[in-house]
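Participant: Pasting a structure below so you can have a look.
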Amino acid sequence: MKDLTIIYYTSNWLDTYNPYFLANTKKQLLEAAKGLPIISVSQKPMDFGVNICVGDIGRSHLNIYRQILIGAKAAKTKYVAMAEDDILYSYDHFHTYVPEKDTFAYNMSKWSIYTWTKPPMFSFKARLVVNSLIAKRDMLVEAMEERFNKIKGVKDEDIPISRWGDPGRCEEKLGVNVRATEKFWSTVPNVVFSHPEAFGYGNLGARKRMGCLRAFEVLYWGKAEDILKLYDKTLGK
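Just so we're aligned: 309 in this note's numbering is position 39 of the sequence shown, and the numbers increase by one with no gaps anywhere.
Set out below in C-alpha coordinates:
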(Lines of atoms letter the chains of each structure in order from A; the text may use other names.)
(Lines give C-alpha, C1' and ligand atoms only; values in the text may rest on other atoms or scores of the structure.)
Protein backbone atom coordinates (compact mmCIF):
# COMPACT_ATOMS: atom_id res chain seq x y z
CA MET A 271 0.00 0.00 0.00
CA LYS A 272 2.62 2.52 -1.05
CA ASP A 273 0.13 4.89 -2.70
CA LEU A 274 -1.45 5.96 0.60
CA THR A 275 -0.91 8.85 2.99
CA ILE A 276 -2.00 8.84 6.63
CA ILE A 277 -3.83 12.03 7.67
CA TYR A 278 -3.28 12.53 11.39
CA TYR A 279 -5.54 15.28 12.69
CA THR A 280 -5.37 16.53 16.26
CA SER A 281 -6.32 19.44 18.51
CA ASN A 282 -3.22 18.66 20.63
CA TRP A 283 -5.41 18.34 23.71
CA LEU A 284 -3.53 15.24 24.86
CA ASP A 285 -0.21 17.10 24.70
CA THR A 286 -1.31 18.84 27.89
CA TYR A 287 -3.74 16.44 29.52
CA ASN A 288 -2.19 13.02 28.90
CA PRO A 289 1.22 13.17 27.16
CA TYR A 290 2.04 9.64 28.35
CA PHE A 291 -0.94 8.17 26.48
CA LEU A 292 -0.19 10.35 23.44
CA ALA A 293 3.39 9.10 23.25
CA ASN A 294 2.15 5.52 23.23
CA THR A 295 -0.41 6.03 20.45
CA LYS A 296 2.07 7.96 18.30
CA LYS A 297 4.68 5.24 18.73
CA GLN A 298 2.18 2.60 17.64
CA LEU A 299 1.05 4.67 14.65
CA LEU A 300 4.63 4.95 13.40
CA GLU A 301 5.02 1.18 13.74
CA ALA A 302 1.75 0.58 11.91
CA ALA A 303 2.61 3.04 9.12
CA LYS A 304 5.87 1.21 8.34
CA GLY A 305 7.19 3.96 6.08
CA LEU A 306 3.90 5.30 4.72
CA PRO A 307 3.89 9.12 4.57
CA ILE A 308 2.13 10.88 7.44
CA ILE A 309 0.69 14.38 7.28
CA SER A 310 -0.12 15.75 10.73
CA VAL A 311 -2.64 18.58 10.82
CA SER A 312 -2.40 20.08 14.28
CA GLN A 313 -3.33 23.12 16.32
CA LYS A 314 0.17 23.37 17.77
CA PRO A 315 3.45 22.79 15.91
CA MET A 316 4.63 19.21 16.22
CA ASP A 317 7.43 17.03 14.92
CA PHE A 318 5.35 14.24 13.43
CA GLY A 319 5.44 13.44 9.74
CA VAL A 320 4.93 16.50 7.55
CA ASN A 321 3.29 18.96 9.89
CA ILE A 322 0.67 21.54 8.98
CA CYS A 323 -0.15 23.73 11.98
CA VAL A 324 -3.51 25.49 11.63
CA GLY A 325 -3.22 27.39 14.89
CA ASP A 326 -5.41 27.34 17.96
CA ILE A 327 -8.78 27.10 16.23
CA GLY A 328 -10.26 25.09 19.09
CA ARG A 329 -11.85 21.68 19.50
CA SER A 330 -15.03 21.28 17.49
CA HIS A 331 -16.83 18.80 15.29
CA LEU A 332 -16.44 21.05 12.25
CA ASN A 333 -12.75 21.64 12.89
CA ILE A 334 -12.14 17.89 12.74
CA TYR A 335 -13.37 17.94 9.15
CA ARG A 336 -11.55 21.18 8.35
CA GLN A 337 -8.30 19.59 9.44
CA ILE A 338 -9.07 16.41 7.50
CA LEU A 339 -9.67 18.47 4.36
CA ILE A 340 -6.43 20.41 4.81
CA GLY A 341 -4.48 17.20 5.21
CA ALA A 342 -6.14 15.44 2.29
CA LYS A 343 -5.47 18.39 -0.04
CA ALA A 344 -1.79 18.30 0.91
CA ALA A 345 -1.45 14.56 0.19
CA LYS A 346 0.23 13.46 -3.06
CA THR A 347 -1.00 9.87 -3.07
CA LYS A 348 -4.07 8.28 -4.64
CA TYR A 349 -5.43 7.19 -1.26
CA VAL A 350 -5.63 8.69 2.22
CA ALA A 351 -6.31 7.06 5.57
CA MET A 352 -7.53 8.93 8.64
CA ALA A 353 -5.81 8.66 12.02
CA GLU A 354 -6.62 10.07 15.46
CA ASP A 355 -4.43 10.50 18.51
CA ASP A 356 -6.31 8.20 20.91
CA ILE A 357 -6.35 5.01 18.82
CA LEU A 358 -3.91 2.13 18.56
CA TYR A 359 -3.73 1.38 14.83
CA SER A 360 -2.58 -1.98 13.52
CA TYR A 361 -0.23 -2.50 10.60
CA ASP A 362 -3.01 -4.44 8.86
CA HIS A 363 -5.33 -1.45 8.94
CA PHE A 364 -3.12 0.55 6.59
CA HIS A 365 -1.71 -2.31 4.51
CA THR A 366 -4.67 -4.63 3.84
CA TYR A 367 -7.19 -2.87 1.65
CA VAL A 368 -7.97 0.21 -0.43
CA PRO A 369 -11.23 0.70 -2.35
CA GLU A 370 -10.99 0.33 -6.12
CA LYS A 371 -14.39 1.97 -6.61
CA ASP A 372 -15.37 5.50 -5.61
CA THR A 373 -16.49 4.52 -2.13
CA PHE A 374 -15.65 5.48 1.43
CA ALA A 375 -14.17 2.33 2.94
CA TYR A 376 -14.50 1.81 6.70
CA ASN A 377 -12.53 -0.75 8.65
CA MET A 378 -14.96 -2.53 10.97
CA SER A 379 -12.22 -4.50 12.68
CA LYS A 380 -11.93 -2.41 15.83
CA TRP A 381 -12.39 -2.89 19.53
CA SER A 382 -13.27 -0.13 21.96
CA ILE A 383 -11.92 0.12 25.48
CA TYR A 384 -13.57 2.43 28.02
CA THR A 385 -10.99 3.59 30.54
CA TRP A 386 -13.51 3.68 33.41
CA THR A 387 -14.83 0.12 33.00
CA LYS A 388 -14.10 -2.36 35.79
CA PRO A 389 -12.93 -4.98 35.22
CA PRO A 390 -11.21 -3.69 32.03
CA MET A 391 -12.63 -5.18 28.84
CA PHE A 392 -12.98 -4.60 25.13
CA SER A 393 -16.32 -4.16 23.38
CA PHE A 394 -17.46 -3.97 19.78
CA LYS A 395 -19.98 -1.72 18.00
CA ALA A 396 -20.63 -1.98 14.26
CA ARG A 397 -20.40 1.75 13.52
CA LEU A 398 -18.89 3.62 10.60
CA VAL A 399 -16.51 6.16 12.12
CA VAL A 400 -14.23 8.58 10.29
CA ASN A 401 -11.19 7.52 12.33
CA SER A 402 -11.22 4.17 10.47
CA LEU A 403 -11.80 5.64 6.99
CA ILE A 404 -9.70 4.93 3.90
CA ALA A 405 -10.68 6.60 0.62
CA LYS A 406 -9.47 7.98 -2.65
CA ARG A 407 -7.87 11.31 -1.93
CA ASP A 408 -9.61 13.22 -4.74
CA MET A 409 -13.05 11.90 -3.79
CA LEU A 410 -12.63 12.84 -0.13
CA VAL A 411 -11.44 16.35 -1.02
CA GLU A 412 -14.36 16.81 -3.40
CA ALA A 413 -16.85 15.60 -0.81
CA MET A 414 -15.48 17.81 1.97
CA GLU A 415 -15.26 20.90 -0.22
CA GLU A 416 -18.84 20.36 -1.32
CA ARG A 417 -19.92 20.22 2.33
CA PHE A 418 -18.07 23.37 3.30
CA ASN A 419 -19.32 25.25 0.27
CA LYS A 420 -22.87 24.61 1.50
CA ILE A 421 -22.17 26.45 4.75
CA LYS A 422 -20.00 29.26 3.41
CA GLY A 423 -20.77 32.43 5.34
CA VAL A 424 -22.69 30.61 8.10
CA LYS A 425 -21.42 30.82 11.67
CA ASP A 426 -20.32 27.51 13.15
CA GLU A 427 -22.83 27.79 15.99
CA ASP A 428 -25.68 28.02 13.47
CA ILE A 429 -24.72 24.81 11.63
CA PRO A 430 -26.69 21.65 12.59
CA ILE A 431 -23.82 19.39 13.65
CA SER A 432 -26.06 16.30 13.74
CA ARG A 433 -25.96 16.29 9.94
CA TRP A 434 -22.18 16.49 9.76
CA GLY A 435 -21.61 12.80 10.24
CA ASP A 436 -18.97 10.54 8.83
CA PRO A 437 -18.42 10.70 5.03
CA GLY A 438 -20.93 8.61 3.14
CA ARG A 439 -23.51 8.62 5.94
CA CYS A 440 -25.20 12.02 5.92
CA GLU A 441 -24.90 13.41 2.39
CA GLU A 442 -28.63 13.29 1.68
CA LYS A 443 -29.42 15.30 4.83
CA LEU A 444 -26.72 17.81 3.92
CA GLY A 445 -28.08 18.23 0.41
CA VAL A 446 -24.83 17.21 -1.29
CA ASN A 447 -23.94 14.38 -3.65
CA VAL A 448 -24.54 10.99 -2.08
CA ARG A 449 -21.43 8.82 -2.05
CA ALA A 450 -21.37 5.12 -1.33
CA THR A 451 -19.70 3.41 1.62
CA GLU A 452 -18.28 -0.04 2.05
CA LYS A 453 -16.89 -2.08 4.93
CA PHE A 454 -13.70 -4.07 5.20
CA TRP A 455 -12.10 -6.07 7.99
CA SER A 456 -8.39 -6.10 8.73
CA THR A 457 -7.06 -9.31 10.29
CA VAL A 458 -5.58 -7.42 13.22
CA PRO A 459 -8.03 -4.89 14.69
CA ASN A 460 -7.54 -1.34 15.88
CA VAL A 461 -8.17 -0.35 19.50
CA VAL A 462 -10.22 2.79 20.12
CA PHE A 463 -10.02 4.40 23.55
CA SER A 464 -12.98 6.16 25.15
CA HIS A 465 -11.61 8.38 27.90
CA PRO A 466 -12.35 11.60 29.84
CA GLU A 467 -9.98 13.69 27.68
CA ALA A 468 -11.77 12.70 24.45
CA PHE A 469 -13.64 15.42 22.57
CA GLY A 470 -16.87 13.38 22.56
CA TYR A 471 -16.74 12.59 26.28
CA GLY A 472 -18.85 15.64 27.07
CA ASN A 473 -21.87 14.10 25.34
CA LEU A 474 -22.43 10.98 27.44
CA GLY A 475 -19.37 10.71 29.64
CA ALA A 476 -19.13 7.49 31.61
CA ARG A 477 -22.78 6.80 30.72
CA LYS A 478 -21.63 5.73 27.24
CA ARG A 479 -22.78 2.17 26.71
CA MET A 480 -20.45 -0.60 25.68
CA GLY A 481 -21.14 -2.82 22.71
CA CYS A 482 -22.88 -6.13 23.31
CA LEU A 483 -19.91 -8.15 22.05
CA ARG A 484 -17.25 -8.06 24.75
CA ALA A 485 -13.87 -9.65 25.46
CA PHE A 486 -11.15 -9.57 28.09
CA GLU A 487 -8.48 -10.44 25.52
CA VAL A 488 -8.26 -9.94 21.74
CA LEU A 489 -6.02 -10.96 18.87
CA TYR A 490 -2.55 -9.37 18.78
CA TRP A 491 -3.21 -6.79 21.52
CA GLY A 492 -3.69 -9.21 24.39
CA LYS A 493 -5.49 -8.45 27.64
CA ALA A 494 -7.57 -5.32 28.15
CA GLU A 495 -5.98 -4.73 31.55
CA ASP A 496 -2.55 -4.52 29.90
CA ILE A 497 -3.70 -2.26 27.05
CA LEU A 498 -5.29 0.09 29.57
CA LYS A 499 -1.83 0.70 31.03
CA LEU A 500 -0.90 2.46 27.77
CA TYR A 501 -3.44 5.10 28.76
CA ASP A 502 -2.53 5.24 32.45
CA LYS A 503 0.12 2.95 33.91
CA THR A 504 -1.73 2.94 37.26
CA LEU A 505 -4.88 1.41 35.75
CA GLY A 506 -5.62 -2.09 34.55
CA LYS A 507 -6.36 -3.95 37.77
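Built from N, CA and C at the ideal position, the CB exists for glycine as well.
1. So, at 6 Å on beta carbons, what are the nonlocal neighbours of residue 305 in its own chain, with the 5 sequence-adjacent residues on each side left out?
2. In terms of residue numbering, what span does the alpha helix (DSSP H) encompassing residue 411 cover?
3. Where in the region 416-498 do unbroken runs of the beta strand (DSSP E), each at least 3 residues long, occur, reported from the N-terminal end onward?
4. Just grab the DSSP bridge partners of residue 378 for me.
5. How many Å lie between residue 295 and residue 356 at the Cα?
6. Can you find the residues in the same chain that come closer than 8 Å, C-beta to C-beta, to residue 417, ignoring five residues on each side of it along the sequence?
7. Identify every run of the alpha helix (DSSP H) within the region 316-353, keeping only runs that are complete inside it and at least 4 residues long; order them along the chain.
8. What is the C-beta distance between residue 274 and residue 347, in whole angstroms, given that I count them as a contact (C-beta under 8 Å)?
9. Rounded to whole angstroms, how far is the Cβ of residue 453 from the Cβ of residue 378, which I believe are closer than 8 Å?
10. Going by beta carbon distance, what residues of the same chain come within less than 6 Å of residue 457, once the five residues before and after it are set aside?
11. Who does residue 275 pair with in a DSSP beta bridge?
12. If you drop the 5 nearest sequence neighbours on each side, which residues of the same chain put their C-beta closer than 7 Å to that of residue 302?
13. Would residue 329 and residue 386 qualify as a contact pair, given that the criterion is a beta-carbon distance under 8 Å?
14. Considering only their Cβ atoms, is the gap separating residue 320 from residue 349 smaller than 8 Å?
15. Under the DSSP definition of a beta bridge, which residues are partnered with residue 392?
16. Residue 301 lies in the alpha helix (DSSP H); which residues open and close that run?
17. Excluding the five sequence neighbours on either side, which residues of its own chain have a C-beta within less than 6 Å of the C-beta of residue 314, listed in chain order?
18. Once the 5 residues before and after residue 484 are set aside, which same chain residues still bring their CB inside 8 Å of it?
19. Can you tell which of 428, 449, 430 has its C-alpha closest to the C-alpha of residue 239?
20. Going by C-alpha to C-alpha distance, which of 480, 370, 497 sits closest to residue 487?
21. Excluding five sequence neighbours on each side, which residues of the same chain lie with their C-beta closer than 6 Å to the C-beta of residue 375?
22. Quick test of your reading: residue 277 and residue 341, contact by CB under 8 Å. State the CB separation rounded to the nearest angstrom.
23. On the DSSP letters alone, give me the boundaries of the beta strand (DSSP E) that residue 311 sits inside.
24. Can you name the residues that DSSP bridges to residue 403?
Facilitator: In short:
1. none
2. Where residue 411 is concerned, the enclosing alpha helix (DSSP H) stretches over 407-420.
3. 451-454, 460-464, 483-485
4. Partner(s): none; residue 378 has no beta bridge.
5. 6 Å
6. 335, 434, 444, 446
7. The qualifying runs are 331-344.
8. 5 Å
9. Confirmed, Cβ separation roughly 5 Å.
10. 362
11. 350
12. 359, 360, 361, 363, 364
13. no
14. no
15. 383, 485
16. 289-303 is the extent of the alpha helix (DSSP H) around residue 301.
17. 282
18. 391, 392, 393, 394
19. Summary: the structure shown does not reach residue 239, with the chain confined to residues 271 through 507, and so no result is reported for it.
20. 497
21. 369, 404, 452, 454.
22. Yes, they are in contact, since the Cβ atoms of residue 277 and residue 341 sit about 4 Å apart, within 8 Å.
23. 308-312
24. 376
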